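Working notes, beginning with the structure itself.
4 protein chains.
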Amino acid sequence: MDFSSDTSAPAHPRVIEALGRVNEGYQPSYGNDAITAELRGLLSRVLETEDFDFWLCASGTASNALALSCFCPPTGAILCHAESHIARDERGAPEFFSGGGKLHLLGGVGAQIDETELRGALARIDHDFVHETPAHVLSLTNLTESGTAYPAQQIAHYAALAKEAGLTVHLDGARLANALVSSGASAAEMSWKAGIDVLSLGLTKTGAIGCEIIVLFGEARSKLADLKARAKRSGHMPPKMRYLAAQAISLLTDDLWLDLAGIANQRAQEVANMLCKAAGTELVQPVHGNEIFVRLDEDTAAKLRAAGAVFYTWLDGSSRLVTSWATGPETIDAVASAIS
Amino acid sequence: MDFSSDTSAPAHPRVIEALGRVNEGYQPSYGNDAITAELRGLLSRVLETEDFDFWLCASGTASNALALSCFCPPTGAILCHAESHIARDERGAPEFFSGGGKLHLLGGVGAQIDETELRGALARIDHDFVHETPAHVLSLTNLTESGTAYPAQQIAHYAALAKEAGLTVHLDGARLANALVSSGASAAEMSWKAGIDVLSLGLTKTGAIGCEIIVLFGEARSKLADLKARAKRSGHMPPKMRYLAAQAISLLTDDLWLDLAGIANQRAQEVANMLCKAAGTELVQPVHGNEIFVRLDEDTAAKLRAAGAVFYTWLDGSSRLVTSWATGPETIDAVASAIS
Amino acid sequence: MDFSSDTSAPAHPRVIEALGRVNEGYQPSYGNDAITAELRGLLSRVLETEDFDFWLCASGTASNALALSCFCPPTGAILCHAESHIARDERGAPEFFSGGGKLHLLGGVGAQIDETELRGALARIDHDFVHETPAHVLSLTNLTESGTAYPAQQIAHYAALAKEAGLTVHLDGARLANALVSSGASAAEMSWKAGIDVLSLGLTKTGAIGCEIIVLFGEARSKLADLKARAKRSGHMPPKMRYLAAQAISLLTDDLWLDLAGIANQRAQEVANMLCKAAGTELVQPVHGNEIFVRLDEDTAAKLRAAGAVFYTWLDGSSRLVTSWATGPETIDAVASAIS
Amino acid sequence: MDFSSDTSAPAHPRVIEALGRVNEGYQPSYGNDAITAELRGLLSRVLETEDFDFWLCASGTASNALALSCFCPPTGAILCHAESHIARDERGAPEFFSGGGKLHLLGGVGAQIDETELRGALARIDHDFVHETPAHVLSLTNLTESGTAYPAQQIAHYAALAKEAGLTVHLDGARLANALVSSGASAAEMSWKAGIDVLSLGLTKTGAIGCEIIVLFGEARSKLADLKARAKRSGHMPPKMRYLAAQAISLLTDDLWLDLAGIANQRAQEVANMLCKAAGTELVQPVHGNEIFVRLDEDTAAKLRAAGAVFYTWLDGSSRLVTSWATGPETIDAVASAIS
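Residue numbers (this note's numbering), protein chains in the order written: chain G, 16 to 355; chain U, 16 to 355; chain F, 16 to 355; chain L, 16 to 355.
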């Protein structure tokens with residue numbers, strides 16, 4: 016019963032198999048290999064467009080920071096939620112990669128940006144007022160850090176507001192698959208069709224060893240050379256790129272990534288339902304993906320820990336339980352028997 | 016006949032097997048897993064000391080830049096060879112990670128720093144003269160960018176000079192195994208016993224998918240927390256660290272890394288010998304590892320290309336041919352028949 | 016009737032005279048001149064200690080950012096008020112000078128940090144939790160951005176809390192003289208006696224052309240060489256330092272800086288009193304220095320503008336009026352006649 | 016007999032007078048004042064064009080670094096002479112301001128870039144080769160660090176080569192006036208007419224307290240907003256800009272800056288001639304401005320020191336003597352009597 020994080024789970028077996036399959040013969044280095052080329056075709060089917068470029072990156076933090084640094088100058092700011100991963104959990108990566116840019120933090124329930132705050136922040140941007148740092152990018156996260164999902168329409172609405180104000184729109188999709196499954200939107204609907212310019216499409220938490228895809232859509236493609244230069248000098252241009260591409264191919268083929276996210280989401284629902292049967296236990300956030308934020312009564316918490324369940328206590332005293340593709344039905348039974 | 020780079024070769028099969036072996040069950044994230052713990056024991060045997068700390072990193076560029084940034088402040092400089100990888104081939108990674116530090120470039124044949132230049136640069140360091148940027152680190156590379164190896168005694172001599180001047184000494188060991196095999200030195204003799212404070216121990220070019228070990232020795236261990244913070248914010252703290260540790264374990268176990276480097280070195284010797292039989296062809300550098308720098312006569316070059324050989328032309332007009340663990344005896348035969 | 020800023024006013028005549036006085040003969044460059052040496056003695060009397068080092072800087076923004084960058088590593092954060100000058104009005108200078116450090120913003124009325132928020136932020140610092148950016152510095156501002164003054168005891172209380180948590184304490188004293196005059200504290204009581212480690216002692220807004228003194232107290236003096244190196248490479252090591260020193264000497268001699276601040280404070284009180292006579296006009300903040308934050312009724316605002324008064328409208332709709340040493344009694348009369 | 020530096024000399028009296036003259040009444044902050052506006056007209060006459068924008072800066076180091084950072088991205092490089100001020104004497108300012116850009120050092124006698132080296136470096140630029148850092152800017156210096164002057168035609172020739180390769184051309188004119196006087200070129204001929212895009216026009220060494228003008232010509236004007244933002248966040252946007260503008264006006268009016276440089280150049284010639292009469296003393300560089308690089312025989316050096324002459328010994332053992340507007344005829348006599 017390890018609910019500590021979806022990154023504690025093993026990779027999906029097909030990912031390992033894929034590594035073995037591409038482990039033959041010579042391939043050009045730095046992304047010029049045949050496997051990366053093959054991935055492009057697959058990605059274009061998944062994203063339903065040809066109007067994109069991409070870069071592979073083993074790290075979610077770097078994927079976000081590289082994406083942001085191409086659009087936020089050192090003298091600029093990024094609008095994001097105060098509880099977003101880029102603000103809270105990346106040790107200043109956006110500031111580092113952008114050369115000293117700022118995060119402008121916005122509030123909102125469920126780690127979703129409040130529309131009034133967003134409108135206020137957009138209205139305040141004044142590139143002629145040299146003393147304040149103007150926002151250049153809006154960064155959204157789906158699944159959010161509270162485990163909730165923005166509907167694609169909300170993403171589209173916020174993106175439209177941001178673009179009207181001249182901003183580029185970034186989506187941190189470390190758990191994009193979970194949001195897609197729960198909302199029923201396609202990857203296209205949740206990204207470029209909604210106005211996303213640059214997407215961090217995460218696969219690590221879904222089942223890869225370590226694989227994220229930075230996708231540039233439309234006009235944002237003009238930043239590809241800059242992205243590559245920044246990737247190179249930050250150590251995110253692996254010579255043996257084929258092994259990243261293979262991971263992505265294995266997960267995107269036949270929608271395996273969505274199937275795995277579906278399992279994780281389903282398990283999260285089941286665990287949440289189980290926990291809520293206990294008196295005094297209630298959800299802190301709706302469960303839209305594979306994360307459960309719940310206020311456990313002391314007795315239930317103690318029983319879970321006694322049965323070997325691993326999970327984190329959050330700043331507000333609630334508990335976070337994360338499921339993954341590897342969370343089996345036996346885990347649900349174990350939870351049931353632990354708290355009964 | 017792909018001699019473009021050792022990073023064009025596939026990973027060694029045992030590396031892939033190792034990934035499969037650790038792909039079971041849950042493991043704590045970010046380096047707190049059992050596999051990384053196991054690696055520590057193995058590393059201590061390989062390095063013949065317990066007085067070290069380490070961090071795993073998929074990238075050689077990041078491995079160097081992270082190591083350097085812990086010891087060179089933004090207001091300081093790094094002494095290195097003008098042709099070193101950190102100066103030429105990392106797109107400003109040391110400057111980026113250090114926050115604007117400088118590389119102070121030194122000359123010398125075979126991409127080895129000339130002792131007179133080194134002594135001159137060390138003598139010029141004056142921390143009280145605020146206008147010039149004083150050196151804080153000496154960075155050596157073994158195998159060098161010209162495919163030559165410093166003997167361990169030379170490393171020790173230069174490290175002693177640098178330390179007398181108050182510098183920290185870094186060794187870029189992207190092809191350390193090749194240098195160890197050709198020089199007969201042990202990893203300990205080439206690192207901490209020679210006065211190296213921080214080592215980038217590379218395994219990617221030896222046979223890993225992407226795996227480098229940053230090793231801090233002795234007093235340099237005080238920088239471990241700083242190293243981790245910098246790794247985190249540069250996207251070099253993979254949540255699923257076990258898969259990096261597994262690569263390292265597979266290669267360091269039973270000296271596989273040295274065996275693979277030995278094969279690559281042996282093939283390089285054979286190819287070099289073969290090429291030198293051609294009239295008008297001569298080595299530009301002695302072959303101390305798995306890289307051949309050779310001036311090919313036009314006819315030989317044309318024959319090689321016609322037979323499908325892939326290799327780079329260097330700035331000075333010479334050719335670079337790189338072998339790897341995967342360069343088989345049939346490649347030697349192919350070279351022979353191509354140029355006969 | 017220019018109330019736009021104290022930086023719109025001319026310098027005090029004695030400042031100009033001082034420049035003429037030192038404009039004779041040769042002086043060593045970069046702060047090694049006799050005038051800067053003379054200033055040291057004067058400063059030690061003003062600050063009532065010998066246990067300090069200092070650096071002169073023409074810019075308040077640089078004075079703050081240089082001071083902060085010596086104590087906040089690129090992987091660290093600075094605690095400050097959400098409305099502080101370093102957060103709002105310096106275009107990311109702290110992030111730039113620190114190499115990508117973060118500002119951790121705290122709330123509180125009157126632009127003074129709320130104690131509960133401060134305690135909460137201090138309690139959350141965990142240097143072992145690598146994902147979050149730990150605070151290394153507490154930066155206070157006196158006079159605050161809302162024109163209020165922290166009493167020296169409050170500074171001392173906050174500094175003690177911060178030091179217990181291992182932080183360095185910085186005071187942005189761009190309008191320190193105004194705070195000293197209104198609170199009756201001495202410069203020593205408001206700085207090192209209250210636990211301030213590094214002080215930006217501003218004279219520009221008080222009456223200089225452009226002159227700020229970065230003062231390092233006690234253990235913070237160990238950063239002097241780092242401060243100089245950072246000053247040099249950011250263009251804040253003027254070769255002809257004597258002209259900065261002369262400004263500081265002219266203002267600190269015979270407490271001229273405090274006299275000028277006293278005049279500005281007195282005028283602010285008079286203007287505030289005058290404005291508050293108008294029905295519908297009320298102060299938004301208490302007037303502790305030379306800044307008036309007031310909610311003007313439309314009629315009064317219109318009358319003032321019609322009479323030529325210049326002042327800014329703030330984000331919350333209130334008006335900010337700033338007085339200076341050059342605000343004469345005739346200005347008070349002009350306000351009176353404008354709104355009568 | 017102070018030959019240590021032209022920055023050891025006092026400011027010209029007219030500079031001090033100008034400060035007094037503008038020290039009346041209120042002026043808008045941050046460069047929006049009437050004096051700065053007046054300077055624009057004067058500058059346009061001096062530069063013989065209206066197609067420019069400018070920014071005032073008290074520091075030569077910042078003037079160079081700000082200018083360069085607008086045109087060299089963090090992933091790019093700047094071509095400059097290995098002995099240039101930006102490479103040797105600014106403690107990494109270009110790296111800091113550019114966010115980790117690189118200086119690519121070129122050789123050449125008299126601190127003037129060798130044409131073959133320049134052509135070689137330009138030919139090597141390959142924006143598609145991600146591993147190496149491509150040059151974006153050529154930075155020339157006139158007067159050079161060796162006291163020699165490039166003729167305007169040479170500047171124009173190098174600028175044309177650089178522009179063909181897509182580079183922006185910067186001129187560090189810390190001692191521009193000295194080069195103009197000795198070469199007979201006008202400021203226009205040595206800057207925009209020669210293809211200079213961005214000029215650091217120095218007045219500090221000529222006779223100001225501290226005043227440099229960053230001038231953007233033609234297409235480079237598109238960077239004005241970026242320049243201002245960078246100036247702001249590096250502490251180079253003084254609120255009381257009028258005092259910088261006044262310095263510039265006093266020196267540019269009636270060509271005072273050229274007259275002062277003419278005096279300094281003349282004194283340098285006289286001192287050089289005097290010194291060369293001593294057996295065993297010879298110039299190391301031709302004297303094109305106000306700097307003398309001379310190999311003094313020991314006896315002459317001793318006599319000069321004994322007579323109170325102050326000057327620096329250079330790295331190569333030669334001596335540097337710098338004259339200024341304040342070097343009077345009595346100094347020539349003193350030198351004569353010292354060495355006779």
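Just so it is clear, CB atoms sit at the ideal spot from N, CA and C, and this is done for glycine as well.
Predicted model only: the values in this text are computed from it and were never measured.
(request) At 7 angstroms on the CB atoms, spell out the chain U contacts of Pro-89(F), in chain order. (result) Residues of chain U passing the Cβ test: Gly-114.
(message) So, with DSSP's three-state summary, where would you put His-100(L)?
(response) Of the three classes helix, strand and coil, the one that applies to His-100(L) here is helix, per DSSP.
(request) Give a yes or no on whether 7 angstroms exceeds the smallest Cβ distance from Phe-232(F) to chain G. (result) So no, Phe-232(F) is outside the interface.
(message) So, does the region 327-335 of chain U touch the region 343-355 of chain F, judging by three or more C-beta pairs under 8 angstroms?
(response) Judged by Cβ distances under 8 angstroms, the region 327-335 of chain U makes no contact with the region 343-355 of chain F, as fewer than three pairs qualify.
(request) Compute the distance between the beta-carbons of Cys-85(U) and Lys-292(U), then report whether it is under 7 angstroms. (result) Cβ distance not < 7 angstroms, so Cys-85(U) and Lys-292(U) don't count as in contact.
(message) Taking beta-carbon pairs under 7 angstroms, can you tell me which members of the region 193-223 of chain L lie near chain U?
(response) So the list is empty, because no residue satisfies the distance condition.
(request) Tell me, please, whether the region 224-244 of chain G touches the region 207-215 of chain G by the rule of three or more beta-carbon pairs shorter than 8 angstroms. (result) Look at the beta carbons and you see the region 224-244 of chain G touching the region 207-215 of chain G: at least three pairs across the two are nearer than 8 angstroms.
(request) List the residues that DSSP assigns as beta-bridge partners of Ile-229(U). (result) Per DSSP, Trp-70(U) and Ser-215(U).
(request) Would you give the residue range spanned by the alpha helix (DSSP H) that Phe-111(U) belongs to? (result) Under the DSSP assignment, Phe-111(U) falls in the alpha helix (DSSP H) whose first and last residues are 108-113.
(message) Less than 7 angstroms between CB atoms is the rule here; does Thr-268(F) satisfy it with respect to chain G?
(response) By this cut-off, Thr-268(F) is not an interface position.
(message) I'd like to know if Leu-57(F) contacts chain L, where contact means its C-beta is closer than 7 angstroms to some C-beta of that chain.
(response) Taking CB atoms only, Leu-57(F) has no neighbour in chain L less than 7 angstroms away.
(request) Would you check whether the ligand NAP has a heavy atom nearer than 6 angstroms to the C-beta of Phe-67(U)? (result) Among the components modelled here there is no ligand, and therefore nothing to report on the ligand NAP.
(request) Less than 8 angstroms between the CB atoms is what I'm expecting for Asn-157(F) and Leu-120(F), so what's the real figure, rounded? (result) Asn-157(F) to Leu-120(F), Cβ: 18 angstroms. No contact.
(message) Helix, strand or coil for Gly-122(U)? Go by DSSP, reduced to three states.
(response) In this structure, Gly-122(U) counts as coil in the three-state DSSP scheme.
(message) Can you pull the chain L neighbours of His-142(G), defined as C-beta to C-beta under 8 angstroms?
(response) Result: Ala-240.
(request) Under 8 angstroms by Cβ, that's how I've got Met-205(U) and Leu-71(U) pegged, so tell me the actual separation to the nearest angstrom. (result) Actually they are not in contact, since the Cβ atoms of Met-205(U) and Leu-71(U) sit about 20 angstroms apart, beyond 8 angstroms.
(request) For chain L, find out if any of its Cβ atoms is closer than 7 angstroms to the Cβ of Val-30(G); answer yes or no. (result) Closer than 7 angstroms: no.
(request) Mind checking which residues open and close the beta strand (DSSP E) that includes Ile-307(G)? (result) Secondary structure note for Ile-307(G): its beta strand (DSSP E) is the uninterrupted segment 306-310.
(message) DSSP three-state label for Tyr-41(F), please.
(response) Correct three-state label for Tyr-41(F): coil.
(request) Grab me the residues of Lys-318(F)'s own chain with a C-beta within less than 7 angstroms of its C-beta, minus the 5 sequence neighbours each way, in chain order. (result) Counting only Cβ-Cβ distances below 7 angstroms, and skipping sequence neighbours, we find Ala-353 and Ile-354.
(request) Determine, using beta carbons only, whether Phe-111(L) comes closer than 7 angstroms to chain F. (result) For Phe-111(L), the nearest CB of chain F lies under 7 angstroms from its own CB, placing it at the interface with that chain.
(message) I need the straight-line Cα distance from Thr-342(U) to Ile-278(U), nearest angstrom please.
(response) Cα to Cα, the separation comes out at about 8 angstroms.
(message) Under DSSP, the alpha helix (DSSP H) around Ala-240(L) begins and ends at which residues?
(response) Run containing Ala-240(L): 239-248, per the alpha helix (DSSP H) assignment.
(message) At the level of alpha carbons, what is the spacing between Glu-306(F) and Val-196(F)?
(response) Cα to Cα, Glu-306(F) sits roughly 14 angstroms from Val-196(F).
(message) Tell me the residue span of the alpha helix (DSSP H) that contains Leu-267(F).
(response) Counted as a single uninterrupted DSSP element, the alpha helix (DSSP H) harbouring Leu-267(F) occupies residues 257-267.
(message) Just verifying my parser: in three-state terms, what is the DSSP assignment at Glu-147(F)?
(response) It is coil, neither helix nor strand.
(request) Using a cut-off of 9 angstroms between C-beta atoms, extract the partners of Arg-139(U) located in chain F. (result) Going along chain F, no residue has its Cβ under 9 angstroms from Arg-139(U), so there is no contact; the nearest lies around 16 angstroms.
(request) Can you check the region 282-350 of chain L for any alpha helix (DSSP H) of at least 4 residues that lies completely inside it and give the ranges in chain order? (result) Within the region 282-350 of chain L, the complete alpha helix (DSSP H) runs of at least 4 residues are 313-321.
(request) Can you check DSSP and say which residues form a bridge with Cys-87(F)? (result) Note: Cys-87(F) sits in no beta bridge, so no partner.
(request) Label Gln-262(F) either buried or exposed according to how many other C-beta atoms from any shown protein chain fall within 10 Å of its C-beta, with 16 as the threshold for buried. (result) By the 16-neighbour rule on beta-carbons within 10 angstroms, Gln-262(F) is buried.
(request) Can you grab the Cα-Cα spacing for the pair Phe-67(G) / Arg-236(G), in whole Å? (result) Distance from the CA of Phe-67(G) to the CA of Arg-236(G), rounded to the nearest whole angstrom, comes to 6 angstroms.
(request) Measuring alpha carbon to alpha carbon, tell me which of Gly-222(L), Glu-132(L), Arg-134(L) and Ile-140(L) ends up nearest Gly-40(F). (result) Taking each of Gly-222(L), Glu-132(L), Arg-134(L) and Ile-140(L) in turn and checking the Cα distance to Gly-40(F), the smallest one comes out for Gly-222(L).
(message) Suppose you measure from the CA of Arg-103(L) to the CA of His-96(L); what does that come to, to the nearest Å?
(response) Approximately 10 angstroms, taken between the alpha carbons.
(request) Rank His-142(L), Ala-351(L), Ile-140(L) and Glu-297(L) by C-alpha distance to the C-alpha of Arg-335(L) and give the top, closest one. (result) Answer by Cα proximity: Glu-297(L).
(message) List, in chain order, every chain L residue whose beta-carbon is nearer than 8 angstroms to that of His-146(G).
(response) For His-146(G), the chain L residues whose Cβ falls inside 8 angstroms of its Cβ are Lys-247, in order along the chain.
(request) Using only alpha-carbon positions, find the residue among Ala-174(L), Ile-224(L), Ala-49(L) and Gly-75(L) that is nearest to Val-30(L). (result) Cα-wise, what sits closest to Val-30(L) is Ile-224(L).
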